[in-house]
Amino acid sequence: MKKYIPRIADTLIERALKSSGAVLVEGPKWCGKTSTARHLSKSYLYMQDPDQRTNYMKIADTKPSLLLRGDTPRLIDEWQIAPVLWDSVRHEVDMRGVFGQFILTGSAVPIIDEKVTHTGTGRYSRIKMRTMSLYESGESNGSISLIKLFDENQDLASMTDLNIEDLAKSIVRGGWPATVSNNYEVYTKPVQDYLDSIINIDISRVDGVEKNPQKVAMLLKSLARNISTEASIETLRRDMEGNDQNSVSQPTVLSYLNALQRIFVIEDLEAWNPSIRSKTPLRSSSKRHFVDPSIACAALGVNDSKLLMDFNTFGYLFESMCIRDLRVYADYLDGKVYHYRDKSNLECDAIVVLRDGRWGAIEIKMGPKEFDKASENLFKLKERIDIDKMKSPSFLMILTATNIGYTREDGVHVVPIGCLKW
């Protein structure tokens, strides 16, 4: 058995078990949900076990409480195969009156039907598990802590050995546990296989509606070309049509996007809506992102060598990888990540907002030639925020692909992604 790689989600699940009867862990297939949940459980039920699935389904239809028996926390893996288990767990939690009873994992959001009668409010705690950040995979040395930037003013002085070539490989390989622990010679094939499964099986299976594999592939390629941008539905629709004379409607595009969201393949970055001093309207469009940038690489058919020859594409994919890592770290801090853009086209790549109202603004840039402009934008954003209604930013940061972390004379932190952790 492979050695278990500790995950930030370990802490999130352990916290949730102390305050909830059941914890629901959701996320894309292959991101490590089962391994992490199994690591934290004392008994388990694998609903996808081919030797037992038929038997389990019969029990679920007859007396589902039988499937819940076992030492706690008890793992129920891929619970959505038998949606009745949702209410059964909720009822069992009520009867036992004890926290930390069950961990449920799921790689698809099921259609709610008559088998699920209760939302689970007050019984379930939800955890979204993502692919591995660079700190979890051991590529970031973690010498710069995001929470410390929120908690205290400090002058940074850090270095990373992670170079541009390494980052290109990390983007193409992705944060999947199976590829992180593999050698670079074979890391692209599993991601391509994952993409093929999405196109030909998973996207149709999630809602039982057959979808055109060619159109799915074209949509995924369009999303990949438009990663880290606010590409419109119309842009995606035109790309899906291609040279096909059969038109694709916007509702069709939306239904495909909804299915991709429900199997946790895409995760757009919402726009931030702060209180601002000026009357400049804010834009509300989300930025397009995959749950992991390697999916975009597979859809575009690019490897690390091709990325190093196309720094424009590299830049967008690097931004997407940074957003992935920031989301993982923000989850640990009980925060969320947004982007900012207003009608004057002032924008900021990432805003990390904590539950207590503290926030930090981050520009994502590949190299030092862009630092001065990035710093200027950060200060423009700071001046635009109404600090009578909101807190001043805890920090201003440039997240970069360079090697040296430091604090500029203007107070903006330059942080290599290879130094960052939660």
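In my numbering, the protein residues as written are 7 to 428.
Quick reminder that beta carbons are idealized off the backbone N, C-alpha and C, glycines included.
Buried or exposed: residue i, going by 16 or more other Cβ atoms within 10 Å of its Cβ?
i: ILE329; result: buried
i: ARG243; result: buried
i: HIS419; result: buried
i: ALA22; result: buried
i: PRO183; result: buried
i: GLN86; result: buried
i: ASP298; result: buried
i: GLU273; result: buried
i: GLN58; result: exposed
i: ALA163; result: exposed
i: THR17; result: exposed
i: PRO422; result: buried
i: ASP77; result: exposed
i: MET101; result: exposed
i: MET246; result: buried
i: GLY307; result: exposed
i: THR68; result: exposed
i: PHE296; result: buried
i: GLN107; result: buried
i: VAL215; result: exposed
i: ILE82; result: buried
i: PRO374; result: exposed
i: GLU158; result: exposed
i: ILE239; result: exposed
i: ARG80; result: buried
i: MET315; result: exposed
i: VAL104; result: exposed
i: GLU415; result: exposed
i: SER187; result: exposed
i: PRO70; result: buried
i: ILE207; result: exposed
i: ASP119; result: Interpretation of ASP119 is limited by its pLDDT of 49, a score under 50 that renders its predicted location unreliable; the figure taken from the coordinates is listed afterwards. With fewer than 16 Cβ atoms within 10 Å of its Cβ, ASP119 is classed as exposed.
i: ASP392; result: exposed
i: ARG283; result: exposed
Am I right that residue i and residue j are in contact with their C-beta atoms under 8 Å? What's the rounded C-beta distance?
i: ILE109; j: LEU313; result: That belief does not hold up - the Cβ atoms of ILE109 and LEU313 are roughly 37 Å apart, past 8 Å.
i: MET135; j: VAL31; result: 5 Å
i: TYR346; j: ALA237; result: Not really, about 18 Å apart at Cβ, beyond 8 Å.
i: ILE404; j: LEU323; result: The pair is not a contact, with the Cβ atoms about 18 Å apart (cut-off 8 Å).
i: PHE320; j: ALA174; result: 7 Å
i: GLY366; j: PHE401; result: 4 Å
i: GLU369; j: ASN383; result: 6 Å
i: LEU229; j: ARG294; result: 6 Å
i: ALA15; j: ILE153; result: Not really, about 17 Å apart at Cβ, beyond 8 Å.
Which residues bound the alpha helix (DSSP H) around residue i?
i: PHE320; result: 317 to 338
i: PRO299; result: 299 to 306
i: MET246; result: 239 to 247
i: PHE156; result: 152 to 157
i: ALA230; result: 219 to 231
i: SER41; result: 39 to 46
i: ILE133; result: First-last for ILE133: 130 to 134, but that is the beta strand (DSSP E), not the alpha helix (DSSP H).
i: ASP2; result: No answer is possible for residue 2: the residues shown for the chain start at 7 and end at 428.
i: GLU382; result: 377 to 390
i: TYR262; result: 256 to 268
i: ILE393; result: Looking at the DSSP string, ILE393 is not in any alpha helix (DSSP H), and its letter there is neither H nor E.
i: VAL186; result: 183 to 186
i: LEU313; result: 310 to 314
By the DSSP assignment, the beta strand (DSSP E) with residue i in it spans what residues?
i: TRP365; result: 365 to 371
i: MET165; result: 163 to 165
i: THR17; result: From DSSP, THR17 is part of no beta strand (DSSP E) but of the alpha helix (DSSP H) over 14 to 23.
i: ILE272; result: First-last for ILE272: undefined, no H or E at that position.
i: VAL31; result: 28 to 32
i: PRO422; result: 419 to 422
i: LYS342; result: 341 to 347
i: ILE177; result: Run containing ILE177: none in the beta strand (DSSP E); it sits in the alpha helix (DSSP H), 170 to 179.
i: LEU110; result: 108 to 112
i: LEU402; result: 401 to 406
i: TYR412; result: 410 to 413
i: LEU360; result: 353 to 360
Does the beta carbon of residue i come closer than 7 Å to any beta carbon on chain D?
i: LEU173; result: Any reference to chain D falls outside this structure, which holds one protein chain only.
| task | Examine the Cβ distances between the region 278 to 294 and the region 42 to 50 and report whether three or more of them are shorter than 8 Å. | result | no
| request: Check whether the region 137 to 153 touches the region 256 to 265, counting contact only when three or more Cβ pairs, one atom from each stretch, lie closer than 8 Å. | output: no
| said: Across the region 199 to 206 and the region 245 to 261, are there enough close Cβ pairs to call them in contact, namely three or more that are closer than 8 Å? | reply: no
| query | Taking the runs of the alpha helix (DSSP H) that are 4 residues or longer, which of them lie wholly in the region 44 to 89? | reply | 59 to 68
| Do the region 351 to 366 and the region 209 to 224 touch if we need at least three Cβ pairs shorter than 8 Å? | no
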